[in-house]
Amino acid sequence: MLPRLLRLPSTAPPRRPPSRRLSSTARPLTPSFGSEVSGVDLSQLLRRPASLAEYISLVYRRGVVVFREQQHLTPHEELAFARAFNHQPDPPGETSYTGGAAPQAKLPPPLEDIAVIGTFRLAEYHGFTGESAGVYPPWPKGQLAWHMDGLADTVPPPDLTTMRCIATPREGGETIFRCARRPASRLQRVRVGGADVDPELVRIRYKLPKQSRLRASGYSLDWAAGGREDDAEVNMAAGTEWPLLIREPITGQRSLLSTYHVASGLVLDERGHVAHELDFDQANELVENVWALPGADGATFSGLNGSKAEEVAAPGFADDARCMAAYQQERVLEAKDEVILHQWRVGDLVAWSNRLVIHSATSTKLYAPGATRIHHRIRLRSADNHKPSAWREHPHALYERMRDATSNH
1 MLPRLLRLPS TAPPRRPPSR RLSSTARPLT PSFGSEVSGV DLSQLLRRPA
51 SLAEYISLVY RRGVVVFREQ QHLTPHEELA FARAFNHQPD PPGETSYTGG
101 AAPQAKLPPP LEDIAVIGTF RLAEYHGFTG ESAGVYPPWP KGQLAWHMDG
151 LADTVPPPDL TTMRCIATPR EGGETIFRCA RRPASRLQRV RVGGADVDPE
201 LVRIRYKLPK QSRLRASGYS LDWAAGGRED DAEVNMAAGT EWPLLIREPI
251 TGQRSLLSTY HVASGLVLDE RGHVAHELDF DQANELVENV WALPGADGAT
301 FSGLNGSKAE EVAAPGFADD ARCMAAYQQE RVLEAKDEVI LHQWRVGDLV
351 AWSNRLVIHS ATSTKLYAPG ATRIHHRIRL RSADNHKPSA WREHPHALYE
401 RMRDATSNH
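If you use UniProt numbering, the sequence shown corresponds to residues 1 to 409, in order.
Here it is as structure tokens:
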């Protein structure tokens, strides 16, 4: 059920709060990642480059930052804030990355880099009229879909994503963030074809499939078929390929990199040659395993010693209880300071690094039928020097040179 038609103000500037000093309070959301900032007006911050740089640094140090009480921002101001981070200017005649895995509504020019996402019916909203049933309405209650934005169809993928909450249901509608540094720090070996291999030599190929089934955990796929070659929302239908373990360029931190759109993969040797190819099942199993939390009680996804594909469930085959069990597993991770379940408030602007955290929306079935959820989302292609780079650079650089030389002949 779609919400009733809303006519939100779009032409008159929003009422601004009294002018504030830039002094603010930043508190950690967990010891390991995430911060909440209150008492700062981002529209003022845009006019003070030195202060703005401090908050940009905070996003990279903490991976994800929640800026409270930003409901007064105009779309132009939130776009200016996103562009203050690393990004690649749009090619002539094109807009930056906003779509991909699912069709997205966009504000009309010159604000087309802002996607309007959620569950809504809108009329004349900043020049946009349209409706959305949400991204995941057919999926089971509790289904997650863990991803880093643009990783499967954009080169280079977005470094930063910002989302601002315009309207949110009283219950449900959370976005879940997970630290990618902590599992990377635990990862010493991965199991491939009955052998232990160095995860620093693993590369994963991603592709947006025409049809697919997610595992209940939301970290990988159980089945996929077809491609999205005829879909205008997709930047690179042929897919992408990235190292599993990367070095985040701003902080130099070791981090896991992945999205659930896993297609295949490979393992390199020290000279950059392909030592082992990973088929669809092997690559998905590997990605599933690297995100698993060893020894977690009630875990619904596999431990580091491997799992069986028939033991995981997915949309179209899973029941709500199975996916809710996986959803509740994230509560276990939350207690271990590895996951933030962010319950949105109107005015929240959340900025996160797609190199340091992985995230998932939650099912529309977790909030009341007819409830409205509206967010602005901005995710700009990163500059080439901020593309995901391997933690152990040398073998991957050799491999990429040989691969590129072969493809050019």
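Note that CB positions come from ideal geometry on N, CA and C, so glycine has one too.
Rounded straight-line distance, which links the Cα of residue j to that of residue i
{"i": "Gly272", "j": "Glu400", "result": "8 Å"}
{"i": "Phe120", "j": "Arg392", "result": "45 Å"}
{"i": "Leu111", "j": "Arg178", "result": "30 Å"}
{"i": "Ala123", "j": "His376", "result": "16 Å"}
{"i": "Gln104", "j": "Arg68", "result": "25 Å"}
{"i": "Val66", "j": "Gly142", "result": "23 Å"}
{"i": "Ile378", "j": "Ile114", "result": "5 Å"}
{"i": "His126", "j": "Arg203", "result": "42 Å"}
{"i": "Glu174", "j": "Lys365", "result": "12 Å"}
{"i": "Glu171", "j": "Glu78", "result": "26 Å"}
{"i": "Ala82", "j": "Ile246", "result": "23 Å"}
{"i": "Ala314", "j": "Ala237", "result": "Confidence at Ala314 is low in this model, with a pLDDT of 38, below 50, so the placement of that residue should be treated as unreliable; the coordinate-derived value is given next. Cα-Cα distance, rounded: 23 Å."}
{"i": "Pro209", "j": "Ala216", "result": "18 Å"}
{"i": "Leu107", "j": "Val116", "result": "7 Å"}
{"i": "Thr240", "j": "Pro140", "result": "28 Å"}
{"i": "Gly227", "j": "Asn235", "result": "12 Å"}
{"i": "Ala368", "j": "Thr168", "result": "11 Å"}
{"i": "Ala225", "j": "Ser57", "result": "41 Å"}
{"i": "Ser185", "j": "Ile340", "result": "19 Å"}
{"i": "Ala180", "j": "Gly130", "result": "35 Å"}
{"i": "Thr74", "j": "Leu42", "result": "11 Å"}
{"i": "Asn305", "j": "Leu29", "result": "Residue placement at Asn305 is flagged as unreliable, the pLDDT there being 27, under the threshold of 50; the coordinate-derived value follows with that caveat. If I take the Cα positions, the gap works out to 31 Å."}
{"i": "Ala388", "j": "Gln282", "result": "Looking at the sequence itself, residue 388 is Pro, so the reference to Ala does not match. Straight-line Cα distance between these residues: approximately 22 Å."}
{"i": "Lys308", "j": "Leu286", "result": "Low confidence applies to Lys308: its pLDDT is 37, below 50, so where it sits in the model is not reliable, and the reading given next is rough at best. In a straight line, the C-alpha of Lys308 is about 11 Å away from that of Leu286."}
{"i": "Gly34", "j": "Ala195", "result": "36 Å"}
{"i": "Gly150", "j": "Leu380", "result": "9 Å"}
{"i": "Arg189", "j": "Phe128", "result": "50 Å"}
{"i": "Glu270", "j": "Arg48", "result": "47 Å"}
{"i": "Ala383", "j": "Ser353", "result": "14 Å"}
Residues bridged to residue i (per DSSP)
{"i": "Gly265", "result": "Ile204 and Leu278"}
{"i": "Ile340", "result": "Phe177"}
{"i": "Ser360", "result": "Ile176"}
{"i": "Ala390", "result": "Ile246"}
{"i": "Thr240", "result": "Tyr206"}
{"i": "Asp196", "result": "Arg191"}
{"i": "Leu256", "result": "Leu245"}
Chain-order list of residues whose beta-carbon lies under 7 Å from that of residue i (same chain, five-residue window excluded)
{"i": "Val274", "result": "Leu266 and Leu268"}
{"i": "Met402", "result": "Gly272"}
{"i": "Tyr260", "result": "Ala145, Trp146, His147, Leu214, Gly218, Tyr219, Ser220 and Leu221"}
{"i": "Pro31", "result": "Asp337"}
{"i": "Phe317", "result": "Low local confidence applies: a pLDDT of 43 at Phe317 is under 50, so the model's placement there is unreliable, with the coordinate-based value given in what follows. Same-chain partners within the cutoff: Arg213."}
{"i": "Ile250", "result": "Tyr60"}
{"i": "Glu310", "result": "Residue placement at Glu310 is flagged as unreliable, the pLDDT there being 35, under the threshold of 50; the coordinate-derived value follows with that caveat. So no residue of the chain qualifies."}
{"i": "Gly284", "result": "The residue asked about is misnamed: residue 284 is Asn in this sequence, not Gly. Within the same chain, Asn284 has close Cβ partners Ser220, Leu221 and Val262."}
{"i": "Met324", "result": "Lys141 and Gly142"}
Same chain, Cβ closer than 8 Å to residue i, neighbours up to 5 away in sequence not counted
{"i": "Asn408", "result": "none"}
{"i": "Leu45", "result": "Leu22, Ser51, Leu52, Tyr55 and Phe81"}
{"i": "Gly193", "result": "His276 and Gln282"}
Extent of the continuous alpha helix (DSSP H) run through residue i
{"i": "Pro183", "result": "Arg181 to Arg186"}
Delimiting residues of the beta strand (DSSP E) encompassing residue i
{"i": "Val346", "result": "No beta strand (DSSP E) holds Val346; DSSP gives it neither H nor E."}
{"i": "Gln211", "result": "Gln211 to Leu214"}
{"i": "residue 424", "result": "This structure cannot speak to residue 424, because the chain is shown only from 1 to 409."}
{"i": "Arg355", "result": "From DSSP, Arg355 is part of no beta strand (DSSP E); its letter is neither H nor E."}
{"i": "Val190", "result": "Val190 to Val192"}
{"i": "Arg373", "result": "Arg373 to Arg381"}
Own chain, CB closer than 6 Å to residue i, minus 5 neighbours either side, in chain order
{"i": "Gly39", "result": "Ser24 and Thr25"}
{"i": "Glu277", "result": "Leu266"}
{"i": "Pro243", "result": "Arg203, Ala390 and His396"}
{"i": "Ile374", "result": "Gly118, Phe120, Ile166 and Ala167"}
{"i": "Asp153", "result": "Gly100, Leu208, Val234, Asn235 and Met236"}
{"i": "Thr362", "result": "Glu174"}
{"i": "Leu343", "result": "Before going on, a small fix: residue 343 reads as Gln here, not Leu. Cβ within range, chain order: Glu174."}
{"i": "Ser258", "result": "Val287"}
{"i": "Gly347", "result": "Glu69, Gln70 and Gln71"}
{"i": "His394", "result": "none"}
{"i": "Asp297", "result": "Bear in mind that the predicted position of Asp297 carries a pLDDT of just 38, short of 50, making it unreliable; the figure below should be weighed with that in mind. Nothing listed; no residue qualifies."}
Closer than 8 Å: residue i CB and nearest the ligand NAP heavy atom
{"i": "Asp41", "result": "Judged by which ligands are present, the structure shown has none, so any question about the ligand NAP falls away."}
What are the uninterrupted segments assigned as beta strand (DSSP E) that are 3 or more residues long and contained completely in the UniProt domain "TauD/TfdA-like" (26–177), given in chain order? 35–38, 64–67, 115–125, 128–133 and 158–167
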